[in-house]
Each structure stands twice: as structure tokens, then as C-alpha cells.
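In our numbering, the protein residues as written are 2 to 305.
Where is the CB? At the ideal position from N, CA and C, for every residue including glycine.
Contents: one structure, followed by commentary.
Structure, rendered in C-alpha cells:
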């Protein structure tokens with residue numbers, strides 16, 4: 002028996018113990034009293050399987066299994082707390098006449114086709130081969146947030162997901178109905194969809210600073226969760242393909258303690274807020290998380 006088989010059997014055994022209601026368990030207990038040999042056989046086989054499993058699993062695997070069981074037990078409590086918190090937030094907003102966000106009716110009219118914004122943003126998902134499963138999962142979660150942000154914008158940008166296939170598509174398929182989202186999904190490369198002269202690959206290694214967003218351009222975000230493992234890869238791709246590249250004007254407005262490499266959703270949100278009328282500085286300060294240590298440049302603060 003392999004380690005994975007042992008873990009699967011243990012999970013199924015634990016699930017079976019809890020899934021029967023009291024009446025069924027009572028019947029099972031009664032039947033075991035009528036046929037004690039059957040009960041003893043089943044019990045002994047279960048004990049043997051669990052004993053075998055504990056022998057095959059390492060201490061690390063057993064620790065992970067216990068952590069997973071603990072998390073599964075706590076998950077309903079966590080969800081209940083989140084629902085209570087959301088309910089309280091809505092109540093507070095209603096009492097203070099605060100609008101939390103667009104209603105469902107308003108969202109129905111917030112479509113890319115009806116938007117006054119023609120700025121195009123494309124995410125390049127051609128990095129399947131250099132990301133592990135955990136990074137793929139994080140990448141898709143960031144794309145989900147991009148979609149959510151664009152969906153709630155008064156004037157959404159024209160959002161494209163390109164090179165959509167492989168592991169990223171498989172991970173996205175966990176979200177039922179994603180193909181009905183207001184997103185342009187393409188299995189082709191962004192270079193096959195748009196004209197090369199319109200492309201601008203966003204990369205922090207570029208020497209070209211973007212001061213304004215042009216509606217005739219397509220701003221490409223690299224769909225890569227690299228944890229600094231592939232520094233400069235987007236810049237390298239742009240140079241090799243002969244594509245224009247540029248970086249956001251972070252240094253012009255802010256000082257940061259960390260590298261100026263941002264997540265997919267942070268870049269998307271900054272661009273979205275700028276298309277919505279905010280200045281670069283306002284967008285940076287609103288979007289960038291505290292851990293980035295972003296503060297307004299001293300000379301900018303004096304001028305203002």
C-alpha cells in the first residue's frame with residue numbers, strides 16, 4: 002500500500018464514522034449484537050488498516066493529516082463568524098447610510114461592452130511550466146480578484162486572459178460557470194490577438210515609465226507568481242519578442258522598502274483606478290499593502 006493510498010483510506014474511514022445519523026448508527030450497533038463475529042471482523046480490519054497506515058506514514062505526514070482534520074473541523078465555525086461579521090457590516094452601513102458597493106441590479110449593467118473605458122488589459126498565462134501547483138492556485142486566485150474588481154467598476158476596462166490552457170485552465174475549472182464571466186478568455190497568445198505595435202508589456206525592470214494610459218494600447222501583465230525566483234523574465238520576453246515595455250511610475254511618487262514587483266491583482270487594480278479618474282499617487286497609496294512600506298516621497302509631500 003502506498004502512502005497516498007493509506008491517507009485516502011484513513012480519510013474515508015473518518016468520514017464514514019461521522020456521516021451516519023443516530024438512527025443508522027443504532028441499527029448498525031443492533032445488527033452487530035446479532036452477529037458479533039461480523040462486528041469483530043469489521044472492527045479488527047479497521048484497526049489493522051489504521052495500524053498499517055500509521056506505520057507507512059511519516060511523522061510529517063501524520064502531522065499534516067492532523068492539521069487538515071483540525072482545519073476541516075474549524076471551517077464551519079470560521080464561515081459562521083464570517084457571515085456574522087458581514088451581516089453586522091451591512092447593518093452598520095444601513096444605519097449610517099453608507100453604500101457598501103453596487104447592487105446586483107447595477108452590476109447587470111456594468112459590462113465591458115457598455116463601458117466608457119476602452120483601455121485593454123491582458124494577462125499572459127504562458128508560465129505554466131515554471132510554476133508549481135501552489136503558485137498556479139495563487140495565480141488563479143489573483144485573476145478571480147481582477148475579475149471581481151472589474152465587475153464592480155463603474156466603467157470596467159476591457160479585460161483579456163490569454164494563453165489560457167494547461168494547468169491554469171484546469172485550476173480555473175474548479176470555479177463552475179467561469180466561462181460565463183464578463184472576461185475575454187483566449188487560448189492564443191496575446192501576440193496572436195493584438196497587433197504588436199499596440200502591445201506594452203508591464204515590467205518593473207523596464208527603463209520606460211508610463212505616465213498615462215492610452216486607449217489604443219494593450220497593457221500586458223505577466224501571469225506569474227514567482228516569489229522572486231524569475232527576476233526580469235517579463236522584461237526578457239518583451240525584448241526577445243520585440244514588444245514595447247514599460248513600468249508604472251511608482252518611483253516618481255513613492256518610496257518603498259521592498260522590491261517594486263507587484264502581484265497580478267495589485268497591478269490590475271492600480272490600472273483600473275487610474276482609468277477611473279484617480280491619480281497615480283492616489284491609486285498607489287490605496288492599493289499597495291502596508292507590508293510594501295510604501296510612503297509618499299518627501300519632495301512630493303513638500304510640493305503638495
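- Task: Compare the Cα-Cα distances from residue 241 to each of 169, 115, 80 and 197 and report the closest residue.
- Result: In the chain shown, the residue the question calls residue 241 occupies position 240. When only C-alpha atoms are compared, the closest one is 197.
- Query: Just reading off the beta strand (DSSP E) that residue 128 is part of, what are its end residues?
  - Reply: Looking up residue 128 in the chain shown gives position 127. Taken as a continuous stretch (DSSP letters only), residue 128 belongs to no beta strand (DSSP E), as it is neither H nor E.
- Message: Measuring alpha carbon to alpha carbon, tell me which residue in 86, 62, 162 and 84 is nearest residue 265.
- Response: The residue given as residue 265 occupies position 264 in the chain shown. When each option's Cα is compared against that of residue 265, the closest is 162.
- Buried or exposed by the 16-neighbour rule on C-beta atoms within 10 Å, applied to residue 27: The count along the chain shown starts at 1 and reaches residue 27 at position 26. Because residue 27 carries a pLDDT of 43, less than 50, the predicted location of this residue cannot be relied on, and no value is offered for it.
- Could you pull the start and end residues of the alpha helix (DSSP H) that residue 138 belongs to? Residue 138 sits at position 137 when you count from the first residue of the chain shown. Looking at the DSSP string, the run of the alpha helix (DSSP H) that includes residue 138 is 134-152.
- Continuous alpha helix (DSSP H) stretch holding residue 75: start and end: In the chain shown, residue 75 corresponds to position 74, counting from 1. Counting along the chain, the alpha helix (DSSP H) containing residue 75 begins and ends at 60-96.
- Query: Thinking C-beta only, is residue 282 closer than 8 Å to residue 270?
  - Reply: The sequence position of residue 270 within the chain shown is 269, counting from 1. The sequence position of residue 282 within the chain shown is 281, counting from 1. No, they are not a contact pair.
- Query: In the segment 204-242, which residue ranges form an unbroken beta strand (DSSP E) of at least 3 residues, counting only runs that do not cross its ends?
  - Reply: 219-223
- Is it a yes or a no for the segment 118-138 touching the segment 165-176, going by three-plus beta-carbon pairs under 8 Å? yes
- Query: Assuming residue 191 and residue 158 make a contact with CB atoms under 8 Å, what is their CB distance in whole Å?
  - Reply: Residue numbering aside, residue 191 sits at position 190 when the chain shown is read from its first letter. Residue numbering aside, residue 158 sits at position 157 when the chain shown is read from its first letter. Wrong, their Cβ atoms sit about 15 Å apart, outside the cutoff.
- As assigned by DSSP and simplified to three states, the class of residue 57: Here residue 57 refers to the residue found at position 56 of the chain shown. Three-state DSSP puts residue 57 in a helix.
- Message: For residue 247, list the residues DSSP reports as bridge partners.
- Response: As a working mapping, residue 247 is identified with position 246 in the chain shown. For residue 247, which the question treats as bridged, DSSP gives the partners 203.
- Inter-residue Cα distance where the pair is residue 229 and residue 262: As a working note, residue 229 is residue 228 in the chain shown. As a working note, residue 262 is residue 261 in the chain shown. Roughly 8 Å between the two C-alpha positions.
- Message: Just to confirm the assignment, what range does the alpha helix (DSSP H) spanning residue 269 have?
- Response: As a working note, residue 269 is residue 268 in the chain shown. Start and end: 265-276.
- Item | Alpha carbon of residue 73 to alpha carbon of residue 256, nearest angstrom | If you number the chain shown from 1, residue 73 lands on position 72. If you number the chain shown from 1, residue 256 lands on position 255. Spanning the two alpha carbons is a distance of roughly 42 Å.
- Query: Straight-line CA distance for residue 65 to residue 71?
  - Reply: The residue given as residue 65 occupies position 64 in the chain shown. The residue given as residue 71 occupies position 70 in the chain shown. Computed Cα separation, rounded: 10 Å.
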